[in-house]
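Asks: Heads up: the sequence shown is residues 558 to 942, going by our numbering.
Note that beta-carbon positions come from the ideal geometry of N, C-alpha and C, so glycine has one too.
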Amino acid sequence: MRNNKSLMTIFLIVFIDLLGFGLILPLLPYIAEKYSASPLQIGLLTAAYSFFQLISAPILGKLSDRYGRKKLLIISQLGSAVGYLILGLAGNLPLLFLSRIIDGITGGNISIAQAYIADVTTRENRARGMGLIGAAFGLGFIFGPAIGGALSKISYSTPAYFATAVSLITVLTTIFFLKETVNEKTASVSPKTKFSFSEFKRILGLYPIGLLITVFFMLNTAFSIMQGNFALWTQKTFNYDASQNGWLFAYIGIIAVVIQMRILPFVIKKFHEKNILKISLLFMAIGLFLIPLSKNPNFLYIALFFMPLGNGLANPTIQALASENVPKEEYGETLGILQSAGSFGRILGPVIGGEIFQTLGKDTAFYFAGGIVLLTLIYLRYKLK
Numbered sequence: 558m559r560n561n562k563s564l565m566t567i568f569l570i571v572f573i574d575l576l577g578f579g580l581i582l583p584l585l586p587y588i589a590e591k592y593s594a595s596p597l598q599i600g601l602l603t604a605a606y607s608f609f610q611l612i613s614a615p616i617l618g619k620l621s622d623r624y625g626r627k628k629l630l631i632i633s634q635l636g637s638a639v640g641y642l643i644l645g646l647a648g649n650l651p652l653l654f655l656s657r658i659i660d661g662i663t664g665g666n667i668s669i670a671q672a673y674i675a676d677v678t679t680r681e682n683r684a685r686g687m688g689l690i691g692a693a694f695g696l697g698f699i700f701g702p703a704i705g706g707a708l709s710k711i712s713y714s715t716p717a718y719f720a721t722a723v724s725l726i727t728v729l730t731t732i733f734f735l736k737e738t739v740n741e742k743t744a745s746v747s748p749k750t751k752f753s754f755s756e757f758k759r760i761l762g763l764y765p766i767g768l769l770i771t772v773f774f775m776l777n778t779a780f781s782i783m784q785g786n787f788a789l790w791t792q793k794t795f796n797y798d799a800s801q802n803g804w805l806f807a808y809i810g811i812i813a814v815v816i817q818m819r820i821l822p823f824v825i826k827k828f829h830e831k832n833i834l835k836i837s838l839l840f841m842a843i844g845l846f847l848i849p850l851s852k853n854p855n856f857l858y859i860a861l862f863f864m865p866l867g868n869g870l871a872n873p874t875i876q877a878l879a880s881e882n883v884p885k886e887e888y889g890e891t892l893g894i895l896q897s898a899g900s901f902g903r904i905l906g907p908v909i910g911g912e913i914f915q916t917l918g919k920d921t922a923f924y925f926a927g928g929i930v931l932l933t934l935i936y937l938r939y940k941l942k
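1) What did DSSP end up calling Ser747 once you bin it into helix, strand or coil?
2) Along the chain, where does the alpha helix (DSSP H) containing Thr778 start, and where does it finish?
3) Below 8 Å, can you find three or more Cβ-Cβ pairs linking the region 690-697 to the region 806-816?
4) Are Arg683 and Ser563 touching if we call contact CB-CB under 8 Å?
5) Rounded to a whole number of angstroms, what is the C-alpha to C-alpha distance between Thr727 and Phe578?
6) What does the alpha-carbon distance come out to for the pair Gly618 and Asn853?
7) Relative to the C-alpha of Phe700, which residue among Leu580, Ser613, Asn740 and Pro596 is closest?
8) Pick out whichever of Leu917, Asn855, Thr891 and Met818 has its Cα sitting closest to the Cα of Ile764.
9) Using the C-alpha atoms, what's the distance from Ala877 back to Gly803?
10) State the CB to CB distance for the pair Pro907 and Gly785, rounded to an integer number of angstroms; the pair is presumed to be in contact (CB under 8 Å).
11) Measure the C-alpha to C-alpha separation of Val746 and Val723 and round it to an integer number of angstroms.
12) Within a Cβ cutoff of 7 Å, which residues of the same chain sit near Arg680, ignoring the five residues on either side of it in sequence?
13) Nearest to Gly625 by alpha carbon, out of Leu941, Glu886 and Glu912?
14) Which term fits Met952, buried or exposed, when burial requires 16 or more other beta carbons within 10 angstroms of its beta carbon?
15) Which residues in the same chain have their Cβ closer than 6 Å to the Cβ of Leu629, if we skip the five residues on either side of it in sequence?
16) Give me the Cβ distance between Pro586 and Ser897, rounded to the nearest whole Å; I'm assuming they're in contact under 8 Å.
17) Within its chain, find whatever has a CB closer than 7 Å to the CB of Gln671; leave out the 5 residues flanking it on each side and keep chain order.
18) Does the distance from the C-beta atom of Leu635 to that of Thr663 stay below 8 Å?
19) So, Arg938 versus Lys793, is the Cβ gap smaller than 8 Å?
20) Which residues in the same chain have their Cβ closer than 7 Å to the Cβ of Leu601, if we skip the five residues on either side of it in sequence?
21) Quick one: is Asn666 buried, meaning 16 or more other Cβ sit within 10 Å of its Cβ, or exposed?
22) When you compare the CB positions of Ile567 and Ile704, do they come within less than 8 Å of one another, or not?
23) Assuming Leu870 and Ile816 make a contact with CB atoms under 8 Å, what is their CB distance in whole Å?
24) Quick check on this structure: which residue in Pro651, Lys940, Leu582 and Ala720 has the alpha carbon closest to the alpha carbon of Ile573?
25) What residue from Leu576, Met783 and Ala604 has the CA that sits closest to Gly706's CA?
26) Quick one: is Tyr916 buried, meaning 16 or more other Cβ sit within 10 Å of its Cβ, or exposed?
27) Report the option in Leu789, Phe856 and Gly867 whose CA atom is closest to the CA atom of Val930.
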């Protein structure tokens, strides 16, 4: 894989960034409950970030095609720092929403990092390169929730302040160590039109881009139903607190890192990316169905093994396939739209899951999410040539 130094630098930046994200995410339900938020309001709080990321990610991606990855990454990272700081200072539910909204508006960092990886990898190594993002996610969820759970014993504000500091470190790392990959030649051929609905329709109409965007949306919807309800489910099922849930997220992260850094490179050499995507959906569905069947913590660890296994194979494969089917000057825009579709799923997932959890019971939401993944697998099987 060429340009390994650049890959390791962007990996480090994404890892530090997601360390801050991992610090906060498992704690959000507990912070919101402190202000008497209902399960539906907790779902809306989780969805707020993704709603605004849905709008901003394609715009930031297109701007990165035109003006460079580095500048836009710095803007995204500064937005995260401000959002975490407000979260730490928040004394009511509206301020919690404001913190997630600000972070969401500037939340194009992952899609820009993916575009950066597409810039510095060959077609043959693209999925492996994208797997570094997933590995960074995994490492962020190994250390982030564990650190956040420990710091939450001091106060719920302490992890937010720590995440603010972590985000500022990513800004400095980007400024001093990341090389720009968008040169004047690439920027000059990047479409100068503003991102619009017609531009979205054009990219959505490209095969297999439209199909991949649909699949990514469905997977993120299902995963977010699980993610948005998991902490409350373990609390009601096993009486787990924030610290114990932090260790469960860390366990998921360890599996994700092994999958992305060890298993994925091997699997890519043996199987076509389209077949990898199909089997990954099956693993994900198995994990979702097994979670509510877990009546003791030991079985829960078995169920949770399948989630990062499926998700860890699916995400980089979808991202690689998407970038392989568009020209280089549209990497940022296309991956931004893909990220936007994921954000839309992360909006609907917590809201749908929160409502199902509240009205139909704590187990039903996970069965519903598993059904979504199975239907997506059937759809993909007949549509992907």
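Replies: With the structure as the only source:
1) Bear in mind that the predicted position of Ser747 carries a pLDDT of just 49, short of 50, making it too unreliable to give a figure here.
2) Ile766 to Phe795
3) yes
4) no
5) 12 Å
6) 44 Å
7) Leu580
8) Strictly speaking, residue 764 in this sequence is Tyr, with Ile absent from that position. Considering only alpha carbons, the answer is Thr891.
9) 30 Å
10) 3 Å
11) The pLDDT assigned to Val746 is 47, lower than 50, so where the model puts this residue is not dependable; a value taken from the coordinates is nonetheless given after this. Whole-angstrom Cα-Cα distance: 36 Å.
12) Glu881
13) Glu886
14) Outside the shown range of the chain (558 to 942) lies residue 952, about which nothing can therefore be said.
15) Leu617, Leu620, Ser621 and Ile669
16) The pair is not a contact, with the Cβ atoms about 25 Å apart (cut-off 8 Å).
17) Met687, Ile690, Gln876 and Leu892
18) yes
19) no
20) Val908
21) buried
22) no
23) 7 Å
24) Ala720
25) Leu576
26) In the sequence on display, residue 916 carries Thr and not Tyr. Answer is exposed; the Cβ neighbour count stays below 16.
27) Gly867
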